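Novice: In terms of our numbering, the sequence shown opens at residue 116 and continues consecutively.
Got a structure for you, questions after.
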Amino acid sequence: MTTFPVDETPDTAPTDIVTARTGPLADARAQLAKAAEILDLDDGMHQMLATSRREINVTIPLRRDDGTVELFSGYRVQHNVSRGPGKGGLRYSKHVDLDEVRALAMLMTWKCAVVELPYGGAKGGVTIDARSYSPGELERVTRRYTSEIMPMIGPERDIPAPDLGTDERTMAWIMDTYSVNKGYTIPAVVTGKPLEIGGSLGRPTATSAGVVHTLAAAIAERGLRTKDASVAIQGFGKVGSHAAWILHEQGARVVGVSDEFGGLFRAEGLNIPAVFKHVERTGSVVDFPEAQAISNTELLALEVDVLVPAAVEGVLDDSTARTVRARWVVEGANGPTTAAGDKILADAGVVVVPDILANAGGVVVSYFEWVQANQAYWWTLPEIEEKLADRMRKGYADVANLAQRQDLSLRDAALCIGVRRVAEAHEIRGLYP
Ligand code: GLU
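Next up, the structure:
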């Protein structure tokens with residue numbers, strides 16, 4: 116049995132495995148290595164699952180509004196397509212690189228398998244700070260990127276969705292570019308679209324709703340109810356802000372929130388609707404008057420029942436993880452805990468609800484959107500909410516049962532379920548030729 120501890124990569128591994136020693140890809144591979152060991156996967160299967168199935172790297176020239184031309188790197192990675200088409204978001208951020216996209220694509224594979232969606236895992240990215248460009252410039256970048264990755268995507272091949280820095284409007288441009296090139300309208304090529312062109316009710320808040328379902332299930336195991344819980348949330352974007360809203364509505368005390376500019380603390384609980392209004396006005400949670408200003412590092416260390424990291428990868432590392440005083444960490448973001456951070460939290464007895472389960476609500480409703488588009492028949496919001504709640508409850512129960520039966524962390528249990536389902540699909544299909 117070979118495992119892939121980050122520093123002892125076997126000589127036989129494909130080159131790209133050898134290169135990634137730190138960062139999100141190294142962490143994702145370390146997680147896979149642990150699952151491969153528990154599942155006793157053979158070396159060949161392990162290597163196959165540690166490596167992307169297909170990758171495309173494109174250069175996107177943009178004519179800026181002032182007439183100058185700027186180039187960007189773009190990527191689409193299909194980590195695995197054995198259980199169905201690739202599925203995963205498209206990220207616009209200045210931190211995007213190929214290894215990050217590979218890591219995120221791998222997480223999508225396990226995530227889709229954990230909640231039993233008939234998909235593989237994929238991810239895309241463009242190295243661009245979207246906030247520094249006009250809507251027209253972003254539209255041109257998106258259309259050119261779509262045109263470059265066109266051979267790889269499609270409703271039966273690989274279906275993008277929003278992620279950091281992209282939104283409904285980005286998905287509308289992708290759908291339009293793809294459809295115009297094919298000659299007819301193909302709504303199922305992306306999910307997370309506006310309702311007017313085949314989006315699903317409930318999609319914009321689905322990831323956050325899923326986070327709240329898994330949070331409730333996790334704390335219920337120790338007799339705590341959402342309405343009695345105190346929560347701190349890092350990140351006030353699509354996931355964090357709506358999670359704060361739903362938790363506040365359900366009576367939880369959201370005592371801390373933050374965005375990239377800083378954070379807020381109020382021991383009695385923040386007035387989340389008022390924070391939303393402040394963000395609408397100013398673009399940030401910072402300077403909200405009815406709270407104490409704190410830093411992001413201080414937010415992670417708040418004494419709360421639940422900490423929800425809902426921003427970017429790697430925020431709970433070997434130094435910040437030591438400061439965590441929450442009893443539960445519910446990972447709204449993808450990969451917020453490094454391998455070292457995970458070990459520190461486990462040793463301290465903090466229960467971590469892993470990203471591939473906790474934030475799966477987004478891709479679950481993406482799946483519902485794709486099903487609705489394929490059958491051209493639209494479901495009501497209560498139907499979607501109920502189906503999402505069922506999936507999340509079932510996903511949590513499967514993971515928690517395995518964790519209990521085999522004395523595993525929730526992360527290892529979720530990975531084992533995801534990895535096993537994918538490995539089984541490989542085995543049943545067999546190798547071609
Ligand atoms: N970007 C989201 C995620 O990381 C959603 C992906 C999707 O819906 O395909 O899970």
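Ideal placement from N, C-alpha and C gives every residue a C-beta, glycine not left out.
This one's a predicted model, so the numbers in the text were calculated from it and none came from an experiment.
1) Compare the beta carbon distance of Leu-530 and Lys-149 with 8 Å and say whether it is the shorter of the two.
2) Any heavy atom of the ligand GLU closer than 7 Å to the CB of Pro-277?
3) When DSSP labels each residue in this structure, what does Gly-235 get in the three-state scheme?
4) Measuring alpha carbon to alpha carbon, tell me which of Thr-329, Tyr-190, Glu-311, Thr-306 ends up nearest Arg-318.
5) Sorted by chain position, which residues of the same chain lie with C-beta nearer than 7 Å to Leu-414's C-beta, five sequence neighbours on each side aside?
6) Which class does Phe-119 belong to by DSSP, given the choice of helix, strand or coil?
7) Closer than 7 Å by C-beta to Leu-339: which residues in its own chain qualify, once you throw out the five before and the five after it? Chain order, please.
8) Sorry if obvious, but does the Cβ on Asn-449 come closer than 7 Å to a heavy atom of the ligand SAH?
9) What do you reckon, are the CB atoms on Ala-436 and Gly-456 nearer than 8 Å?
10) For Gln-407, list the residues DSSP reports as bridge partners.
11) Taking just the CA atoms, how far does Pro-275 sit from Leu-523?
12) Any heavy atom of the ligand GLU closer than 7 Å to the Cβ of Ser-481?
13) May I ask you to check if the CB of Asn-489 is nearer than 7 Å to at least one heavy atom of the ligand GLU?
14) Please check the pair Gly-450 and Asp-142, which I expect to be a contact at CB under 8 Å, by giving their CB distance rounded to whole angstroms.
15) By DSSP, does Glu-375 sit in helix, in strand, or in coil?
16) Starting from the Cα of Tyr-260, find the closest Cα among Asp-278, Tyr-293, Arg-168, Lys-502 and give me that residue.
17) Is Thr-124 buried or exposed, if buried means 16 or more other CB atoms sit within 10 Å of its CB?
18) Below 8 Å on the Cβ atoms is my contact criterion, and I expect Glu-228 with Arg-198 to pass it. Report the Cβ-Cβ distance as a whole number of Å.
19) With 16 as the cutoff for other CB atoms within 10 Å, does Gln-490 come out buried or exposed?
20) Taking the beta carbon of Ile-361 as the centre, do at least 16 other beta carbons fall within 10 Å, making it buried, or is it exposed?
21) Count the other CB atoms, across all protein chains shown, that sit within 10 Å of the CB of Glu-484; report buried if there are 16 or more and exposed otherwise.
22) By the DSSP assignment, the beta strand (DSSP E) with Ile-175 in it spans what residues?
23) Using the Cα positions of Pro-120 and Gly-429, report the straight-line distance between them to the nearest angstrom.
24) Residues bridged to Ser-193 by DSSP?
25) With the cut-off set at 8 Å, would you say Lys-342 and Gly-366 are in Cβ contact?
26) Give me, in chain order, the residues of the same chain whose beta-carbon lies closer than 6 Å to that of Asp-126; leave out the 5 immediate sequence neighbours on both sides.
27) For the stretch 428–470, list the beta strand (DSSP E) runs that are entirely contained and at least 3 residues long, ordered along the chain.
28) I need the DSSP call for Lys-202, collapsed to helix, strand or coil.
29) Can you tell which of Val-192, Ala-538, Pro-548, Tyr-547 has the C-alpha that lies nearest to the C-alpha of Trp-225?
30) Among the candidates Ala-512, Glu-446, Gly-239, Pro-250, whose CA atom is the shortest distance from the CA of Ile-471?
31) Go to Val-346, then tell me how far its beta strand (DSSP E) extends in each direction, as first and last residue.
32) Can you pull the DSSP bridge partners for Gly-555?
33) If you run the structure through DSSP and keep just helix, strand and coil, what is Thr-242?
34) Ordered along the chain, which non-local residues of its own chain (more than five positions away) have a Cβ less than 6 Å from that of Ala-426?
35) Determine the DSSP secondary structure at Pro-424, reduced to helix, strand or coil.
36) Helix or strand or just coil, what does DSSP make of Val-211?
Specialist: Once the coordinates are examined:
1) Contact flag set, yes.
2) Yes, since a heavy atom of the ligand GLU falls inside the 7 Å radius drawn around the Cβ of Pro-277.
3) Looking at Gly-235 - three-state DSSP - the assignment turns out to be coil, as it is neither helix nor strand.
4) When each option's Cα is compared against that of Arg-318, the closest is Thr-306.
5) Around Leu-414: Ala-347, Gln-349, Gly-371, Ser-373, Gly-378.
6) With a pLDDT of only 37 at Phe-119, under the threshold of 50, the placement of this residue in the model should not be trusted, and no figure is reported.
7) Excluding sequence neighbours, Leu-339 sits near Asp-420.
8) Absent from the structure shown: the ligand SAH. Ligands present: the ligand GLU.
9) The Cβ atoms of Ala-436 and Gly-456 lie closer than 8 Å to each other.
10) Partner(s): Phe-380.
11) Distance between the alpha carbons of Leu-523 and Pro-275: 32 Å.
12) Correct: Ser-481 has its Cβ closer than 7 Å to the ligand GLU.
13) False, no ligand heavy atom lies under 7 Å from that Cβ.
14) That belief holds up - the Cβ atoms of Gly-450 and Asp-142 are roughly 6 Å apart, short of 8 Å.
15) Of the three classes helix, strand and coil, the one that applies to Glu-375 here is coil, per DSSP.
16) Taking the Cα of Tyr-260 as reference, the smallest distance to any Cα among Asp-278, Tyr-293, Arg-168, Lys-502 is reached at Tyr-293.
17) Any reading at Thr-124 is ruled out, since the residue's pLDDT is 39, under 50, leaving its predicted position unreliable.
18) Correcting the residue identity first, residue 228 is Ala in this sequence and not Glu. Confirmed, Cβ separation roughly 6 Å.
19) Under a 10 Å Cβ-count criterion, Gln-490 is classified as exposed, with fewer than 16 other Cβ atoms of the shown protein chains found around its own Cβ.
20) Buried, by the Cβ-count rule.
21) Glu-484 comes out buried.
22) Ile-175 -> beta strand (DSSP E) spans 169–178.
23) Low confidence applies here, because Pro-120 scores a pLDDT of 40, under 50, leaving its location unreliable; read the following figure in that light. Whole-angstrom Cα-Cα distance: 18 Å.
24) Ser is not the amino acid found at residue 193; the sequence shown has Gln there. The partner list for Gln-193 (beta bridge, DSSP) reads Arg-169, Ala-237.
25) For Lys-342 and Gly-366, yes; Cβs fall inside 8 Å.
26) Residue confidence for Asp-126 is low, a pLDDT of 39 falling below 50, so the modelled location carries little weight; the figure read from the coordinates is stated next. Same-chain partners within the cutoff: there are none.
27) Within the stretch 428–470, the complete beta strand (DSSP E) runs of at least 3 residues are 443–445, 466–468.
28) Three-state DSSP puts Lys-202 in a strand.
29) Nearest of Val-192, Ala-538, Pro-548, Tyr-547 to Trp-225, Cα basis: Ala-538.
30) Nearest C-alpha to Ile-471: Glu-446.
31) It spans 345–349 - the beta strand (DSSP E) in which Val-346 sits, taken as one unbroken run.
32) What is shown of the chain runs 116 to 548, which leaves residue 555 out entirely.
33) Three-state result, Thr-242: strand.
34) Cβ within range, chain order: Gln-349, Gly-350, Ala-448.
35) If DSSP states are grouped into helix, strand and coil, Pro-424 belongs with the strands.
36) For Val-211, the secondary structure class from DSSP, reduced to helix, strand or coil, is coil.
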